[in-house]
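Count the sequence shown with our numbering and you get residues 236 to 619, in order.
We put the beta carbon where it would ideally sit given N, CA and C, even for glycine.
Notes follow the structure.
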Amino acid sequence: MIRDSKLLVILICVVVVVAMAPAQDLDRTARLLEELTNAAGPPGFEGPVREIVVREFEELGAAIEYDGLGSVIATGPGSADGPRIMVTAHMDEVGLMVQYVRPDGFIRFKTLGGWLRQALPDQRWVIVGSAGPVLAVSGLRTIHVTPTGERNQVWPLEQIFLDVGARSAQEVEAMGIRPGDPVAPWSPFTVMPNGRYAAKGWDDRVGIAVMLEAARRISEGEIQTPNRIVWVATVQEEIGLRGAQTSVYIADPDLGISIEAGVAADYPGARPEQAQERLGGGPGMFLLDSSMIPNTKLRDFFFDVAEEEGIPLQGDVLTGYGEDGAEIQRYDTGRPSVNITVPTRYLHSHTGIIQRSDFDHAVDLLIAVLTRLDGSTVERLSGF
Ligand SMILES: [Zn+2]
C-alpha cells in the first residue's frame, strides 16, 4: 500500500514534468539526430536508417552504391580525384530477434549485439513485423511475487519475454510477427539541460550524423578538399563488423576514418581504468580498442590538426570495444586508419546521453582533417 502511494506521487511528478517541459525547438542538425535515433535498425535490418542516409546523400547530389549486404557507399559532389579517403559509420544498433512465440502469446527472443542482461527487462520495444511496428514490453516480474532471495539477481535471458498484449500465438501471428523479426528499443529522442540529448541508438547513429553533416558542409561548397571522399554507412557492425568487411572493397581506400559512439566514463561507478572520455571534453580518439591500434602518424596528424584549430580532442584507451576502422586497417596490404568518437554515456542500453558541443566539434575536426589531407600527406602517413 505504501509502495502504491509512492508510485502515485512519482507518476504525478512525471506528468507535471512532462507538462512543464517546453516543446522541443530543434535546429536542422538536432532534427536529423532525432530522426536517426528514433529509427529502428537492429543488425541485418537497417532499412529505416538506410532510407534516411540515402535520402540525405541524394539531396547532396552524391552517387550511391551498395555492397552485397546493404551498406551504402556515397561519393561526391565536392570530391576531387586525390587519394581515396573512406569515412565510415554504422547504421545498425543493438537489438533483439524474435525466437519463438509461446502458445499463450508471450515471445522469446535472442539478442543482436552486446547487451547487459540487467538492461533487458522492464523496457519498451518495437517489433518490426510484416504488418508494421508493434509495441512490446519486456515484462518485469513484480516485487510482490519475487522471493526475497531472488530480488537482487540478474535474470538469465531464458526468463525474459516480450508482451505485445496478445492472448495467444494466433493473435501474435495476426499482428504480423514471426520468428526472425527484428526488435529495437523504444526510447524517443529528448533534449536535456546543458546541450545534452538523450536517445537510444547513439551507437552509431551519432557517427552517421557526423558523417552526413560533414558531407553536407563539403558538398555545399563551403569547403574544398583535394581528396576523393567515400562516405560509407555500414551494416551489421554490432555482430562482427560485417558490412565494413564487404564495403571496403568498393570504397578501395588509401586511408580510413571510422566515426563511433565513444565510451564516456564520467558518471558514478565508471572508472578511468575502464575508459577516459567525458561529455563536454570534445570528440575522442581510440588509442587502443579490442579491434585495432590506430596508425601512429595518422593519430598524431589528428591531434596536430585539432590543436591548430583549437578543437578539443580526447584520447581513450579501452578494451571490450571493436569498430569498423579495423576492417579498413586490414584491407588489402593494410591502410592507415583511426576511430574518432562522440563521447556517449550508457551505450548499448535504452537511453544514452551525448553533448551537442562534442558532436559539433567532431564534425569540425573531421572537416579540418579532410581538407588538409592530400596526395603527399597520405603518402607520408602511409610510409615507414
Ligand atoms: Zn558502434
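For Glu-558, the Cβ falls inside the 7 Å cut-off from some heavy atom of ligand 1. Ligand 1 has no heavy atom closer than 7 Å to the beta-carbon of Glu-293.
Contact check for Ser-422 and Thr-586: beta-carbon distance about 5 Å, within the 8 Å limit, so the pair qualifies. The segment 504 to 514 and the segment 469 to 484 do not touch, with fewer than 3 CB-CB distances between them shorter than 8 Å.
Within the DSSP bridge table, the entry for Asn-574 names Ser-493 as partners.
Taken from the Cβ of Asp-439, at least one heavy atom of ligand 1 lies inside 7 Å. Beta-carbon to beta-carbon, Val-329 and Glu-544 are separated by about 33 Å, too far to satisfy the 8 Å threshold. The three-state reading of DSSP puts Ala-444 in helix, counting H, G and I together. By the 16-neighbour rule on beta-carbons within 10 angstroms, Gly-367 is exposed. Note on Met-427: under 16 other CB atoms within 10 angstroms of its CB, so exposed under the neighbour-count rule. Exposed is the label assigned to Pro-503, since fewer than 16 other Cβ atoms lie within 10 Å of its Cβ.
With distances taken between CA atoms, Gly-349 lies nearest to His-583 out of His-583, Arg-607, Ala-434, Ile-378. Collapsing the DSSP output to three states places Trp-350 in coil. The C-alpha of Leu-261 is placed about 12 Å away from the C-alpha of Arg-431. A straight line joining the alpha-carbon of Ala-603 with that of His-596 spans about 10 Å. Per DSSP, the unbroken alpha helix (DSSP H) holding Arg-607 starts and ends at 591 to 607. Closer than 7 Å to some heavy atom of ligand 1: that describes the Cβ of Glu-472. For Glu-286, the distance from the CB to the nearest heavy atom of ligand 1 is not below 7 Å. Beta-bridge annotation (DSSP): Pro-368 is paired with Val-363. The residue from Ser-617, Gly-557, Thr-383 with its alpha-carbon nearest to that of Val-498 is Gly-557. For Pro-417, the enclosing beta strand (DSSP E) covers residues 417 to 420. Counted as a single uninterrupted DSSP element, the beta strand (DSSP E) harbouring Thr-323 occupies residues 319 to 325. For Gly-519, the uninterrupted beta strand (DSSP E) run begins and ends at 519 to 523, by DSSP.
Within the chosen limit of 7 Å, ligand 1 does not reach the beta carbon of Glu-300 with any heavy atom. Where Val-552 is concerned, there is no enclosing alpha helix (DSSP H), although the beta strand (DSSP E) around it starts and stops at 549 to 552.
Look at Trp-437 here: in three-state DSSP terms it is helix. Remark: C-beta atoms of Ala-434 and Ala-275 do not approach each other more closely than 8 Å.
About 18 Å separates the Cβ atoms of Ala-324 and Gly-311, ruling out a contact at the 8 Å cut-off. Your pair Pro-488 and Ile-412 does not check out as a contact, with CB atoms roughly 40 Å apart and the cut at 8 Å. Residue burial annotation: Asn-574 is buried, with at least 16 other C-beta atoms found within 10 angstroms of its C-beta.
If you draw a straight line from the Cα of Gln-405 to the Cα of Ala-309, it is about 43 Å long.
In this structure, Ala-315 has its beta carbon at no less than 7 Å from each heavy atom of ligand 1. The beta carbon of Ala-479 sits no closer than 7 Å to any heavy atom of ligand 1. Relative to ligand 1, the beta carbon of Ala-496 is positioned inside 7 Å of a heavy atom. Setting aside the 5 residues that flank it on each side, Arg-607 is surrounded in the same chain by Val-540, each with a C-beta closer than 7 Å to its C-beta; the list follows chain order. Burial check for Glu-614: the Cβ neighbour count within 10 Å stays below 16, so the residue is exposed.
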